[in-house]
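The opening residue of the sequence shown carries number 1 in our numbering; numbering runs sequentially from there.
Note that the Cβ used here is the ideal one computed from N, Cα and C, for glycine as well.
Treat the numbers as computed from the prediction; the structure is a model and nothing was measured.
Worksheet: one structure, shown below.
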Amino acid sequence: ARRFERRSLELATLVMVVSSPLARAVQVLGRANVAVIPNGVDPDRFDPRRSDGKQVRARYGLGSTLTIGWAGILREWHGLELLLEAVATLPAVTLLIVGDGPARQTLERRAEQLGLRDRVVITGRVAHEEMPDHIAAMDIAVVADERTGVASPMKLLEYMSMARAVVAPRKENIEDLIDHDVDGLLFEQGRADLLVEQLDRLIADQQLRAAVG
């Protein structure tokens, strides 16, 4: 009876994690039953029908230019230099970076070196309640890098809730959330040329932007 009771407790142990790679690690190390439950977004707050990107576009002088966007804390490991390199090959677009952080000066210098001073807007810190309007100002939203391999990125979920066309690196934790060519486009991590390829597809095809958004 005690053996049966102990086995029943083992079977009842359930650990909830945010991604498939993390689930496998927990199963191996902890020998527990695991359910993958990705992060989520409040759809009442991040609702494109309730947001106004026009005011944000006017504030930063974006006009009607096709705008590629990124949101978050500006840190070295978020791959923003890769995104700058990609945008440098796409002359008809503007890059809207929503956020601030320790890598800002480095990014500004790199943008200057790439001749992007007039095509990159860095907003500085934005209150979270203003994020839906800022994301609404983007035509295409990017996750430039995801180096943890196990996260369930909130920026990605916020982009998707706002019905933006999303481009993100092809990693298993990202594929928990995105089916390539269905609700986003994926590229091989660290490859600026392949990021450009997916951005080019969305820039050239408004219907595709609407469909994956």
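So which of the options has the shortest CA-CA distance to residue i?
i       : options                               : result
Ser-152 : Ala-92, Asp-100, Leu-29 and Val-41    : Val-41
His-180 : Leu-84, Arg-147 and Arg-201           : Arg-201
Glu-85  : Val-15, Arg-191 and Ala-58            : Arg-191
Met-160 : Arg-57, Val-150, Ile-140 and Arg-59   : Ile-140
Val-120 : Asn-39, Ser-20, Leu-83 and Glu-188    : Leu-83
Lys-54  : Asp-205, Thr-67 and Leu-107           : Thr-67
Ser-20  : Met-131, Asp-44 and Val-150           : Val-150
Leu-95  : Ala-211, Gln-206, Gln-207 and Leu-199 : Leu-199
Asp-193 : Thr-89, Ala-136, Ile-203 and Asn-173  : Thr-89
What are the partner residues of residue i, as DSSP defines its beta bridges?
i       : result
Ala-165 : Ile-140
Asn-173 : For Asn-173, which the question treats as bridged, DSSP gives no partner whatsoever.
Thr-214 : Limits of the chain in this structure are 1 at one end and 213 at the other, which puts residue 214 out of reach.
Val-41  : DSSP output for Val-41 lists no bridge partner at all.
Just checking my contact of residue i with residue j at CB under 8 Å: how many whole Å lie between their CB atoms?
i       : j       : result
Gly-101 : Ala-163 : About 26 Å; that fails the 8 Å criterion.
His-134 : Val-143 : Not confirmed; about 16 Å, so no contact.
Ala-210 : Gly-184 : Not really, about 13 Å apart at Cβ, beyond 8 Å.
Gln-189 : Asp-145 : 7 Å
Arg-170 : Leu-186 : 4 Å
Trp-70  : Val-98  : 7 Å
Could you pull out every unbroken beta strand (DSSP E) segment of at least 3 residues lying fully inside the stretch 84-138, listed in chain order? Counting only runs of 3+ residues, the beta strand (DSSP E) found wholly inside the stretch 84-138 occupies 93-98 and 120-122, in chain order.
For the pair the stretch 43-58 and the stretch 76-90, tell me if three or more CB-CB distances fall below 8 Å. The stretch 76-90 and the stretch 43-58 do not touch, with fewer than three beta-carbon pairs separated by less than 8 Å.
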